[in-house]
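**Student:**
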Amino acid sequence: MPVYIRKGPADIPEPSDSSQGDEEQELFLSDPDQLQDQLPQPFRMIDKVLDRLLDRAWDFISQRETARLTEQANKAIPIMQVSGDVKLPVRTNCLACPEDGRYIFLGHPHGLSVMAQPQGIITASSSSPYCVPVWQEDQVEITSLHITCLGEMAYLLASLDDMGVARLFAYYSETSHLIKVMNETKMWTNTQQDDLNQRSVCVKFELSRGGDYGAATISYNGCQCLEVYRFPKDSWLKELSQHTPGVGDTGKLSPVTMLMKIKPPKPHTGSTMKSPFEVLQKTEDGNVIGSGQNHLISSRQWEDQDAVFKSVYRKYMVNNTSNTTDPEDRPSCVTSHFLLPGGLSSVLGGVKPQTGLPLSVVSVEADSVFSSIIFVDYWPSTATEDALHSQGPNHTSTQVHLLVTCKSGACHLVYAGRGLDSHDVTQLSERPSDPGCFPVVTATVPFLRRLALIMQRNGKIFLQDMVDRRVVCCFSLPDTHLLASPWNPVFLLDPTQQSLLITGDQRPGRDSGEDGGSRLFVFRFQDAAVVKPYGHGDDGRASSHQGQSGTGASNLEETCNLYFRPRIESVEERNKVMTEIWNQLQEHAALVLLQNRQQAGTILQNQQQAGTILQNQQHPGTILHET
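If you're matching positions, the sequence shown starts at 284 in the numbering used here and goes up one per residue.
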């Protein structure tokens, strides 16, 4: 190990006018064997001044951050108390509310129930609404509900049970009517049981606003397909008005029509074609590009591609310690968005909801995969957006806000606009270190601007401002109850009544008296002063965003017509041009094949002639004898 020894005596230097401070002299004394030279003047003085400025700035930042944290800790977060509660007769799995907000439908074991929407603040002296069973069936547990208004006091319900059976109901004059079981399944006995893999299981069943269409995701024999139905809405309203109140007929309404059944495409197989010209000749019609079955990719290339994908997946997903997999995660399924009365679109995100046009591609630096993407419709308007809205319904802003939640628990707010630099990503919350603080529900409040509802696994419920990431208020349940199933809470945000409904179970060890059992707790935002700054008021954007949900369907339809009209007018010309191009390609392919064959024939003929000449050179006597 080398040892550096200073030559000469290690005397302490005398003071000089070299502008060295006490700190530099002390540094020299504490480390006499310096190997690096000091900066010359005036750079040494500049470096010292910059260091002192940075130190003072950091001390000032630390003091302000400490004061902010102290002020935030001392400032008590407002707590919103329960406005009322309703006793539930049985355990509730799901809640649904129609657009008019008159009823609340509940799904539970053994059927469906309905109750009137609680009005005002429920007290001990006031009459509390109660649940009324509308449809009961043994060994049927409803797990999902979707509802929409058919007409005045007429509702359409789409239910899904724990066995994957989808049912369609109509509710009119306090009477339920079972219209159809969407995926009929055979009942089995103890002696003969059907294979579960052969049963058709419904994964999701949704309705369009107004009850014109429905979409069901059906899983059968390991494959999934999307079935789209058309409902005879007008006929049902006439037939329901002729029914006797209190008597529910089964199967007496007009039948449901299936519009389309979307199946997954066939898997690609290896091609036996040798050249792209053969692929071009396989295309019969020039109006479409093709189904993707005619290609030049061999089976070996498909196998190599699959091996590369699996290797990359194991490297970045399976073996990555930052990715956590929750064993209770459900498999992902399609979410259907009914944009127009005559159309359905399957949207994953990254597009503008008014027109469906892609805006931009945004990269989010997250340590986990996404679990949900939600449009933040109610966002504070800017001066530019107000100017666009004042020009008419067709002049919409090309900006969207998305609330992205990761499976790790982190939340991000994504702003996307048209252009390369018109996007931004803000992290609302980091990955929680405490498992109890893991968010199980992250949803936007449809009647409050820039607020998100957060429910954590430990039962904590609060509203968070998505702009400054501040907790606005917390929701407190009574001491006798706690949040039911904190890993999968049952709640409902009612935009009509502007209220939050949460189911709660009685705490263990409590005596089940008159107030015991499961209850439905109601939180009303209309009289809460803490959320009044986030109300819409006379904001015109609220009505415009309602058009995205269906009330302003005419504006949305006009916007889509403006986009599709030029395409429809030019469809004949585009098809003609595409057909001519395909014909030219096919003719060129045929010509190239003919030239290749002629060239191959010429080469073969030349090879034969060359072989004959070589043979004659090897046997010259044969030529003389023949001559």
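Glycine included, C-beta positions come from ideal geometry on N, C-alpha and C.
As the structure is a computational prediction, the values presented were derived from the model and not from experiment.
Restricting to runs no shorter than 3 residues, where is the beta strand (DSSP E) found entirely within the region 363-431?
**Tutor:** 367-370, 377-379, 386-399
**Student:** Taking 8 Å as the threshold, find out whether the region 366-373 comes into contact with the region 800-807 through three or more Cβ pairs.
**Tutor:** The region 800-807 and the region 366-373 touch, with three or more beta-carbon pairs separated by less than 8 Å.
**Student:** Which partner residues of Gly-336 appear in the DSSP bridge assignment?
**Tutor:** The question names Gly, but residue 336 is Leu in the sequence shown. Paired residue(s): none; Leu-336 is not in a bridge.
**Student:** Helix, strand or coil: how does DSSP classify Phe-343 here?
**Tutor:** Residue state, collapsed to three classes: helix.
**Student:** Apply the 10 Å Cβ neighbour rule to Asn-866 and answer buried if 16 or more other Cβ atoms are within range, or exposed otherwise.
**Tutor:** exposed
**Student:** So Val-423 and His-391 are supposed to be a Cβ contact under 8 Å. How far apart are they, rounded?
**Tutor:** Actually they are not in contact, since the Cβ atoms of Val-423 and His-391 sit about 10 Å apart, beyond 8 Å.
**Student:** Cutting at 7 Å between CB atoms, please list the residues of its own chain near Gly-818, excluding the five before and the five after it.
**Tutor:** Leu-731, listed in sequence order.
**Student:** Whole angstroms are fine: how far does the CA of Gln-419 sit from the CA of Gln-400?
**Tutor:** 21 Å
**Student:** Quick check on the burial criterion: 16 or more other C-beta atoms within 10 angstroms. Buried or exposed for Leu-439?
**Tutor:** buried
**Student:** Grouping DSSP H, G and I as helix and E and B as strand, with all else coil, what is Met-738?
**Tutor:** strand
**Student:** Once the 5 residues before and after Gln-739 are set aside, which same chain residues still bring their CB inside 6 Å of it?
**Tutor:** Cys-720, Pro-722
**Student:** How many angstroms separate the CA atom of Glu-870 from the CA atom of Gln-878?
**Tutor:** 12 Å
**Student:** Report back the beta-carbon spacing between Thr-431 and Glu-382 to the nearest angstrom; my notes put them in contact at under 8 Å.
**Tutor:** 7 Å
**Student:** Between Gln-781 and Gly-384, is the Cβ-Cβ spacing less than 7 Å?
**Tutor:** no
**Student:** Kindly give me the distance between the Cβ atoms of Val-728 and Val-647, rounded to whole angstroms, as I take these residues to be in contact under 8 Å.
**Tutor:** Between Val-647 and Val-728 the Cβ distance is about 23 Å, and since that is not below 8 Å, they are no contact.
**Student:** Quick check on Val-652: buried or exposed, where buried means 16 or more other Cβ atoms within 10 Å of its Cβ?
**Tutor:** exposed
**Student:** With Glu-713 as the anchor, note down where its beta strand (DSSP E) starts and where it stops.
**Tutor:** For Glu-713, there is no enclosing beta strand (DSSP E), as DSSP marks it with neither H nor E.
**Student:** Do you know offhand how far Arg-880's Cα is from Glu-561's?
**Tutor:** Cα-Cα distance, rounded: 14 Å.
**Student:** From this set, Ser-396, Cys-506, Leu-760, Gly-447, which residue's C-alpha is nearest Val-415's C-alpha?
**Tutor:** Of Ser-396, Cys-506, Leu-760, Gly-447, the residue nearest in Cα terms is Ser-396.
**Student:** Roughly how far, in whole angstroms, is the beta-carbon of Val-539 from the beta-carbon of Lys-463, given that I think they are within contact range, below 8 Å?
**Tutor:** About 5 Å; that satisfies the 8 Å criterion.
**Student:** Can you tell me whether Val-750 sits near the ligand COA, meaning its C-beta is under 6 Å from at least one heavy atom of the ligand?
**Tutor:** The ligand COA is not part of the structure shown, which contains no ligands of any sort.
**Student:** Roughly how many angstroms separate the alpha carbons of Val-750 and Phe-592, rounded to a whole number?
**Tutor:** Roughly 39 Å between the two C-alpha positions.
**Student:** Quick check on this structure: which residue in Ala-499, Gln-507, Ala-498, Leu-433 has the alpha carbon closest to the alpha carbon of Lys-521?
**Tutor:** The shortest C-alpha separation from Lys-521 is found at Leu-433.
**Student:** Return the CA-CA distance between Leu-897 and Thr-555, expressed in angstroms with no decimal places.
**Tutor:** 38 Å
**Student:** With DSSP as the reference, label Asp-589 as helix, strand or coil.
**Tutor:** helix
**Student:** Do you know how far the Cα of Thr-786 is from the Cα of His-764?
**Tutor:** 10 Å
**Student:** Return the bridge partner residues of Pro-722 from the DSSP annotation.
**Tutor:** Gln-739
**Student:** From the DSSP output, which residues share a beta bridge with His-706?
**Tutor:** Ala-699
**Student:** Can you tell me where the beta strand (DSSP E) holding Glu-510 begins and where it ends?
**Tutor:** 506-513
**Student:** Buried or exposed, going by whether 16 or more other CB atoms sit within 10 Å of the CB of Trp-770?
**Tutor:** exposed
**Student:** Run through DSSP, which three-state label would Lys-557 get?
**Tutor:** Secondary structure of Lys-557 (DSSP, three-state): coil.
**Student:** So Glu-489 is in the beta strand (DSSP E); what residue range does that whole segment cover?
**Tutor:** 483-490
**Student:** Three-state secondary structure (DSSP) at Asp-330?
**Tutor:** Shown here, Asp-330 sits in a helix according to DSSP, grouped into three states.
**Student:** Ser-655 to Thr-725, Cα distance in whole Å?
**Tutor:** Rounded to whole angstroms, Ser-655 to Thr-725 spans 9 Å at the Cα level.
**Student:** By alpha-carbon positions, which one of Trp-519, Met-328, Phe-806, Tyr-496 ends up nearest to Tyr-455?
**Tutor:** Trp-519
**Student:** Buried or exposed for Cys-506, going by 16 or more other Cβ atoms inside 10 Å?
**Tutor:** exposed
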